Amino acid sequence: MSRPIAVRGRLALLLTTLLLGLSFTLAPAPPAHAEKTPHGHGHGLRPAAASTDTYWTPQRMREARPAAATKSAAMRRPATDATPPSHPFDGLPQVGTFFWTDGSNTGRFCGGTVVRSPHRDLVVSAAHCLRSPDPKRHLSFVPQYHDGLKPHGIYPVERLYLDQRYYDLGTDAGARWDYAVVRLGAREDGAEVEEVTGGFDLLPYPGYAHRNVRLIGYPGNKDTTHPKPLDCTSSTHRYTSTDPAAPGDFLEISCAGYIGGTSGGPFLVWDFTGYALIGVIGGYHTGGDFPDVSYSSYFTADTLALYLHAVHGDPPATPRQGVSTR
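Counted the way mature numbering (1 follows the signal peptide of the UniProt record, and there is no 0) counts, the sequence shown spans residues -34 to -1, 1 to 292.
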């Protein structure tokens, strides 16, 4: 059964926002975010918007090699019910993918969703997509990317916000915190991403059971095989992990063909103001082991706290020295 959107979801969001706002007023921020910085000043990740836009030509984007994928396209999980099919489409303005280069290779990897925010510059993705400290030059977000096109321009990544527990525990033990908030720089002409594309509400505590959830993902393959994102509508339910190395409760959805690379893609439910974001492909086994079943970490007050740190421009958490990045 789907949630009563207008009452439960919105009330939870309002109460959580008020409580977190009060906690920021009355108590000091945690050490990873202890010092405030003015909005708009990054940590060295941000390249010039003009050079980023110039670098990512249609040819470079089409030729971008995929990042390492974990889901196997050859494996199928036995299913008792028919798995809803996915189909390629031209995408939504609020949903896009990331591009990067390390100097010897280029990559298109993972999805992200523009969420509503005061500064109109935030995207939510999966933490495992962005956890690695390996240098990524020209790290950028391209909304509604398809067929080598950047219809709404390109936005340089300015800051990455991951929960400190995800850095410390890793992708399995920290699977409950497999989400990230990404702060973007403005487009070459000075426009912020949400001003151009619009955004969706970020909804914590959405419930697990939903009848109609839209799942969008960017397969991690070259454009010759997957030039467009995938779209599918299916139902979600609660999955409690049986893997002691990756504990937690997760959203589970069945949609065919979500191979490696689709991580970070949104779980969307229809709200009275439009779509709301209730999850991103990730969490349990970084999104699942099979292309026909995907997962998301469950959004809670921790998710909203991360969002608020990004809104406030707090220094992001970082990997601790001596802690494995695996």
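Quick reminder that beta carbons are idealized off the backbone N, C-alpha and C, glycines included.
Just so you know, these numbers come straight off a predicted model, no measurement behind them.
In the displayed model, S17 falls within a helix according to three-state DSSP.
Secondary structure at L168: strand, using DSSP grouped into helix, strand and coil. Residue range H176 to G183 is occupied by the beta strand (DSSP E) that includes R180, with no alpha helix (DSSP H) assigned at that position. In chain order, G77, P195, L196, Y224, T228, G231 and I247 place their CB closer than 7 Å to the CB of G183, counting only its own chain and leaving out the 5 sequence neighbours on each side. In this structure the region 142 to 149 does not touch the region 14 to 28; the number of beta carbon pairs closer than 8 Å is below three. For E161, the secondary structure class from DSSP, reduced to helix, strand or coil, is helix.
Between G173 and D167, the alpha-carbon positions lie close to 15 Å from each other. H192 sits buried, since 16 or more C-beta atoms from the chains shown fall within 10 Å of its C-beta. For H278, the closest alpha carbon among the candidates F75, P51 and S83 is that of S83. Sorting S106, L88, H104 and C221 by C-alpha distance to the C-alpha of L181 places C221 at the top. Between the alpha carbons of T269 and L115 lies a gap of roughly 31 Å. Boundaries of the beta strand (DSSP E) around R149: A146 to L150.
Counting only residues of its own chain and dropping the five nearest sequence neighbours on each side, C95 has a CB closer than 6 Å to the CB of C76, S229 and G230. For R131, the enclosing alpha helix (DSSP H) stretches over residues Q130 to A139. Under a 10 Å Cβ-count criterion, P210 is classified as exposed, with fewer than 16 other Cβ atoms of the shown protein chains found around its own Cβ.
Counting of Cβ neighbours within 10 angstroms places E124 among the buried residues, the total reaching 16 or more.
Apart from the 5 residues on each side of it in sequence, G249 sits with its Cβ closer than 6 Å to the Cβ of A141, D144, F216, Y261, S262 and S263 in its chain, given in chain order.
Counting only runs of 4+ residues, the alpha helix (DSSP H) found wholly inside the region 83 to 120 occupies 93 to 96, in chain order.
If the five residues before and after P213 are omitted, its C-beta is found closer than 7 Å to the C-beta atoms of S207, all from its own chain and listed in chain order. Put simply, the backbone Cα of A92 is about 12 Å away from that of F265. Taking the CA atoms as reference points, H112 sits about 20 Å from E158. Residue state for T266 is assigned as coil, using DSSP reduced to three classes. When rounded, the separation of the alpha-carbon atoms in R103 and L135 is 26 Å. Within the same chain, and ignoring the five residues on either side of G119 in sequence, the residues whose Cβ sits closer than 6 Å to its Cβ are R153. At least 8 Å separates the beta-carbon of F65 from that of V89. Runs of the beta strand (DSSP E) lying entirely within the region 179 to 245, each at least 3 residues long, are 196 to 206, 215 to 220 and 232 to 237 in chain order. Shown here, T63 sits in a strand according to DSSP, grouped into three states.
Distance check between D280 and each of Y132, T49 and A271 places A271 closest, using alpha-carbon atoms only. Secondary structure of L126 (DSSP, three-state): strand. Secondary structure of G73 (DSSP, three-state): strand. For T67, the CB contacts under 6 Å within the same chain, skipping 5 residues up- and downstream, are R103 and H104 in chain order.
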